[in-house]
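Enquirer: The structure follows.
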């Protein structure tokens, strides 16, 4: 009678899970297409990249396990000025640099168990063809038009300067900026001709603006549509709200051409290429085409018509492009639009802002995989440390603590104890049924984790898995099967069967997080079917009684020696870069210093230099003469406040022309905020400083 009741309970629990699954997992005739922001082929892979790719792979694996048809697409971004600049420095071609880093990223992702169905290149023919088709559609529909604009031109290099060939001052916040983006200030996208005080990055020459015809996408015409679209867009709030903030302001039309040889030629104009942020996202469609051709599928099922299921995983810094530019282009050209955009938070290294130039970076291969550290451990940290949308901090100390305490002591401890005690006492899986309480705990956990994954709360999902594991540890500890081995073999068999069922469910749930380790445990549980093709319902399916292989420890701790060595590598890199940046000031003799003539002066007048945000034109009195000096202090001093101030001037500099204005001397100032030097007590203008 007891056995019949247990079978009845098993049936009820199974039906409960099936009903729950049908509510949670509504099937859709369209494939779920998941993409990742394209890695740029101008440098190696680091943790900042993996902040996006690992969660995307976790999501794909999980959705497949619950029965979804998922296509996972990515590729390398091969166009744009930085690659051209790098190729010029190396004396090679942009294509060769792109191929080198394309292979690097493809190999690195495979090592990290990030398994794309297709990984393409934007410089391959499919992306070129699809870009020309989509842009031509926009032209035909009146969404692209020509316009003569002011384009930066270097008279020394004798060339127009697109994007990264250019640096200057942001017109919005007045911070230093590069040609296409205010990367050190407000973060705004900059159109050609907008940047102030343009300077050529090749030769350092002050650039000038010249007229040139370019082509613009009529983004302003999509403002109302975008507002409505973003109201329906799924994904993470940090992406949607950020995009809405832009759309609720006035949208400006977007220049989509550049004067470069490297890239996708703009239709009908071989001297121009499309802007990299046009062809890069179009690569998503092209890569889907390439996958579909190999798989015998139809790419249009993913990209055409209403109710597409395109889900983009991106870094937060490219939200504007994916939530504003990209859907507007797709809609204008008559394609379907993305269903969801999932944006990851930024990354810090050891509580410092991520910075390759300052050494606050962890390289995926050099610093991690090449040190024989498991890909699974890094995947776990990236998924579990914090909410996907929040800022993540990585340090080797934190990494060690989380892996040892959560993965090894919690999950690993429960699974190994369950396998070891069962194999030692019963040779494998003992006879008997699984208790209803265990089945309910498993069903509850699967439902909870699924809900969290579907709402893109990956940390919450991993926490829920560990909660089930912690419950298993409490269960085994409170039932003390090692004592039951001496007093009640039947009771011990019941406890161990329950524990093995929990271990099976935990392995299925954890596989999207740590696929390599999960596959090893799956084999130790005596499962022949590939875990990747096993649904979550198997977590409730009874394990077959019988022998199991002798278990081995799958999760091992990271020792202090390893952590110390890894942290030392990081410190040495930071220190080396800091040392390299310290200016090596040459020593001079007293005779050389005596050649510099410094005098006090009084400012008589000050006025702004037209078209410059930095410069002021000053008239200063040196007692027996008045001089004109052009000084870069406009950002920190109001011209009216300077009149009458005493300052220190270097008076024997050779005269120079700045912005076409003669400057005869230099006012001395201290620090980044140009604090003007002045005499301690009142002295006559022209007093020599010794």
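Residue numbers (UniProt numbering): 1 to 690. The C-beta atom is built at its ideal place from N, Cα and C for all residues, glycine as well.
Going by DSSP, name the residue or residues bridged to residue 626.
Expert: Residue 626 is bridged to 621.
Enquirer: Name the two residues that bound the continuous beta strand (DSSP E) containing residue 209.
Expert: Residues 208 to 217.
Enquirer: Which value, in whole angstroms, describes the spacing of the CA atoms of residue 292 and residue 337?
Expert: Distance between the alpha carbons of residue 292 and residue 337: 19 Å.
Enquirer: So, are the CB atoms of residue 268 and residue 138 less than 8 Å apart?
Expert: No.
Enquirer: Does the Cβ of residue 352 have 16 or more other Cβ atoms within 10 Å, making it buried, or fewer, making it exposed?
Expert: It counts as exposed.
Enquirer: Would you check if there are 3 or more beta carbon pairs closer than 8 Å linking the region 408 to 423 to the region 494 to 509?
Expert: Taking 8 Å as the limit for Cβ pairs, the verdict is that the region 494 to 509 does touch the region 408 to 423.
Enquirer: In this structure, does DSSP put residue 283 in helix, strand or coil?
Expert: The answer is helix: DSSP assigns residue 283 an H, G or I state.
Enquirer: According to DSSP, is residue 315 helix, strand or coil?
Expert: The answer is strand: DSSP assigns residue 315 an E or B state.
Enquirer: Any contact between the region 74 to 81 and the region 117 to 135? By contact I mean 3 or more CB pairs, one from each, below 8 Å.
Expert: Result yes; three or more Cβ-Cβ pairs closer than 8 Å.
Enquirer: Which same chain residues, not among the five before or five after residue 141, have their C-beta less than 7 Å away from its C-beta?
Expert: Closer than 7 Å at the Cβ level, and outside the excluded window around residue 141, lie 332.
Enquirer: Helix, strand or coil, according to DSSP, for residue 79 in the structure here?
Expert: Coil at residue 79, not helix or strand.
Enquirer: Using the beta-carbon count (16 or more within 10 Å), is residue 148 buried or exposed?
Expert: Result: exposed.
Enquirer: Fully enclosed by the region 181 to 268, which alpha helix (DSSP H) runs are 4 residues long or longer?
Expert: Fully enclosed alpha helix (DSSP H) runs of 4 or longer: 223 to 232, 237 to 247.
Enquirer: Which residue marks the beginning of the beta strand (DSSP E) containing residue 477, and which one marks its end?
Expert: Per DSSP, residue 477 belongs to no beta strand (DSSP E); it is in the alpha helix (DSSP H), 458 to 479.
Enquirer: By the three-class DSSP mapping on this structure, what secondary structure does residue 692 have?
Expert: This structure does not reach residue 692, given that the chain is present from 1 up to 690, and the question cannot be answered.
Enquirer: Hey, quick one: how far does the beta strand (DSSP E) through residue 392 stretch, first residue to last?
Expert: Element bounds for residue 392: 392 to 394.
Enquirer: Go ahead and pull the three-state DSSP assignment for residue 39.
Expert: Coil.
Enquirer: Quick one: which unbroken alpha helix (DSSP H) runs of 4-plus residues sit fully inside the region 53 to 125? Chain order, please.
Expert: Correct list: 81 to 90, 94 to 111.
Enquirer: Quick check: the Cα distance between residue 667 and residue 259, rounded to an integer number of angstroms?
Expert: Approximately 40 Å between the Cα atoms of the pair.
Enquirer: Whose C-beta lies closer than 7 Å to the C-beta of residue 662 among residues of the same chain, with five residues either side of it excluded?
Expert: Closer than 7 Å at Cβ, skipping near neighbours: 628, 655.
Enquirer: Measure the CB-CB distance between residue 635 and residue 188 and report whether it falls below 8 Å.
Expert: No, these two residues do not count as a Cβ contact at 8 Å.
Enquirer: Mind checking which residues open and close the alpha helix (DSSP H) that includes residue 153?
Expert: Taken as a continuous stretch (DSSP letters only), residue 153 belongs to no alpha helix (DSSP H), being part of the beta strand (DSSP E) at 144 to 154.
Enquirer: Pull up the distance between the alpha-carbon of residue 350 and that of residue 50, whole angstroms please.
Expert: Cα to Cα, the separation comes out at about 17 Å.
Enquirer: Quick check on the burial criterion: 16 or more other C-beta atoms within 10 angstroms. Buried or exposed for residue 203?
Expert: Exposed, by the Cβ-count rule.
Enquirer: Using the Cα positions of residue 27 and residue 67, report the straight-line distance between them to the nearest angstrom.
Expert: Confidence at residue 27 is low in this model, with a pLDDT of 48, below 50, so its placement is unreliable and the value that follows should be read with caution. Whole-angstrom Cα-Cα distance: 8 Å.
Enquirer: Using DSSP with H/G/I as helix, E/B as strand and the rest coil, what is residue 411?
Expert: Three-state DSSP puts residue 411 in a helix.
Enquirer: Taking the runs of the alpha helix (DSSP H) that are 4 residues or longer, which of them lie wholly in the region 339 to 409?
Expert: Qualifying alpha helix (DSSP H) stretches, in chain order: 375 to 384, 396 to 402.
Enquirer: Could you tell me the distance, in whole angstroms, from the CA atom of residue 605 to the CA atom of residue 616?
Expert: Residue 605 and residue 616: Cα-Cα distance of roughly 10 Å.
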